[in-house]
Amino acid sequence: MRYPIEGTHWMSDSVGQHIKDLVATFYELADSKESDAGTRMATEVFTEDAVLITANGTFQGFLEISKSRENAWSIVNSRKHRVLKVFSGNDKVPELSILGTGEMKFKNGKEISSPFACYIRLESSDSGVRISLMQVFVVRFHCYIAIRSLDINIQPSDRIRPQFLQY
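Using my numbering, read the sequence shown as starting at 8 and increasing by one per residue.
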């Protein structure tokens, strides 16, 4: 089993393995330091005109979603997401609600484990099922405390607001 969804409680039997794999792929890429992680995330997980809403902004389409990962590692050494529970919509509304935790190790030596929630709308395409909308909700306080003591200069171009941190 792929680590982001290992031990996940799928609250509906209607969630197929291809959707579970899609969720796992997203979080594996979110945790990846590989230079092509953003491009792969955009093209393997999302529809061409998808919208990704995070604490760092709204990204629409392959190009913007690809670039959304550019500063993901400016203050973080590692991150690891775990999906705990997934709730699905009905047959007429292809959507998921996810509860999970994100473990992060910062460059200043601090570590946190912070809960998150995520809303996902799915869409079928020639490439299979893809995400057309994803909105991520994070508990900001833990992240803010951890990054406050960083000895680096965070520029506005890093797309980090004091109360938010990109997952």
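Just so it is clear, CB atoms sit at the ideal spot from N, CA and C, and this is done for glycine as well.
Starting from residue 24, follow its DSSP beta bridges and name the residues at the other end.
-> Position 17 of the sequence shown, counted from the first residue, corresponds to residue 24. Residue 24 pairs with nothing; no bridge assigned.
In the DSSP assignment, find the beta strand (DSSP E) that holds residue 124 and state where it starts and stops.
-> Walking along the sequence shown from the start, residue 124 turns up at place 117. 118-132 is the span of the beta strand (DSSP E), which, as asked, contains residue 124.
Considering only residues of the stretch 84-117, which uninterrupted beta strand (DSSP E) runs meet the minimum length of 3 residues and lie entirely inside it, listed in chain order?
-> 102-113
Pull up the distance between the alpha-carbon of residue 35 and that of residue 64, whole angstroms please.
-> In the sequence shown, counting from the first residue as 1, residue 35 sits at position 28. In the sequence shown, counting from the first residue as 1, residue 64 sits at position 57. Computed Cα separation, rounded: 21 Å.
Under 6 Å Cβ to Cβ from residue 125, same chain only, skipping five residues before and after it: list those, please.
-> The count along the sequence shown starts at 1 and reaches residue 125 at position 118. Counting only Cβ-Cβ distances below 6 Å, and skipping sequence neighbours, we find 105, 143.
8 Å CB neighbourhood of residue 96 in its chain, flanking five on each side removed | If you number the sequence shown from 1, residue 96 lands on position 89. Cβ neighbours of residue 96 beyond the five flanking positions: 102, 103.
In the structure shown, what three-state DSSP assignment does residue 47 receive?
-> To locate residue 47, count along the sequence shown from 1; it is residue 40. Helix.
Which whole-angstrom value describes the C-beta separation of residue 90 and residue 107, a residue pair presumed to lie in contact below a C-beta threshold of 8 Å?
-> In the sequence shown, the residue the question calls residue 90 occupies position 83. In the sequence shown, the residue the question calls residue 107 occupies position 100. Right, their Cβ atoms sit about 5 Å apart.
How would you label residue 23, buried or exposed, when you count the other beta carbons within 10 angstroms and need 16 or more for buried?
-> Position 16 of the sequence shown, counted from the first residue, corresponds to residue 23. When all chains shown are included, residue 23 counts as exposed.
DSSP state of residue 35 mapped onto helix, strand, coil | The residue labelled residue 35 in the question sits at position 28 within the sequence shown. Of the three classes helix, strand and coil, the one that applies to residue 35 here is helix, per DSSP.
Which first and last residues belong to the beta strand (DSSP E) in which residue 138 is found?
-> Against the sequence shown, residue 138 aligns to sequence position 131. That run of the beta strand (DSSP E) goes 135-145.
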